[in-house]
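In this text, residue positions in the sequence shown follow the UniProt record's numbering: the first is 1, and each later residue adds one.
In this text, a Cβ means the ideal position worked out from N, Cα and C, and glycines have one as well.
Okay, structure first, notes after.
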Amino acid sequence: MATKNSAQRVIDAPAGEIFDFLSNPDRHAETDGSGMVVSADKAERITTVGQVFTMNMTKEDGDYQTRNEVFAVQENKVIGWKNLKNVTAEVSVGAKWLYELESVDADHTRVTLTYDRSEIEDEAVRSMSEKFDDEFLERSLDSVAAAVAGS
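Below is the structure:
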């Protein structure tokens, strides 16, 4: 199984608008096609590497929270975070989400979304992470496009 999946799409919005949307954890549920992301719990706008934020999550066996750490941020160009831990179950995760933004012109941005599971050590977590394939990431980018168009 691949340790990384990715998708790319041109979104009809300037890079600044897309970055503004992605850097706001309060809006992350709008990018999630899995239905797992519920809301931000303890989260400020993402501005620096090392920043930590907590998300409220849900899945078939109940609600939980994740602690995430920003590993990449460059305004209007790149933003990424690592899901460090399911703090409710005390399970280390290690999955990374990375968005790379490239301006095509003033009103269009090529967005590449990469999901990296290479640091996931727990077998159950790794197995669950396999649903985040290229097709899932494509749907997530569709959701980003729809959310930015509607904001």
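In the DSSP assignment, A95 forms a beta bridge with N83. DSSP, read as helix, strand or coil, puts E138 in helix. The shortest CA-to-CA distance from E75 to any of L137, A145 and N24 is the one to N24. At the C-beta level, A145 and R9 come within 8 Å of one another.
For R67, the enclosing beta strand (DSSP E) has its first and last residue at G62 to Q74. Shown here, V37 sits in a strand according to DSSP, grouped into three states. Contact between the segment 12 to 20 and the segment 32 to 41 is absent, with fewer than three C-beta pairs closer than 8 Å.
C-alpha of V91 to C-alpha of N56: approximately 15 Å in a straight line. CA-to-CA, the gap between G33 and D61 works out to about 18 Å. In terms of CA proximity to D122, L84 leads the group T109, V148, L84 and E69.
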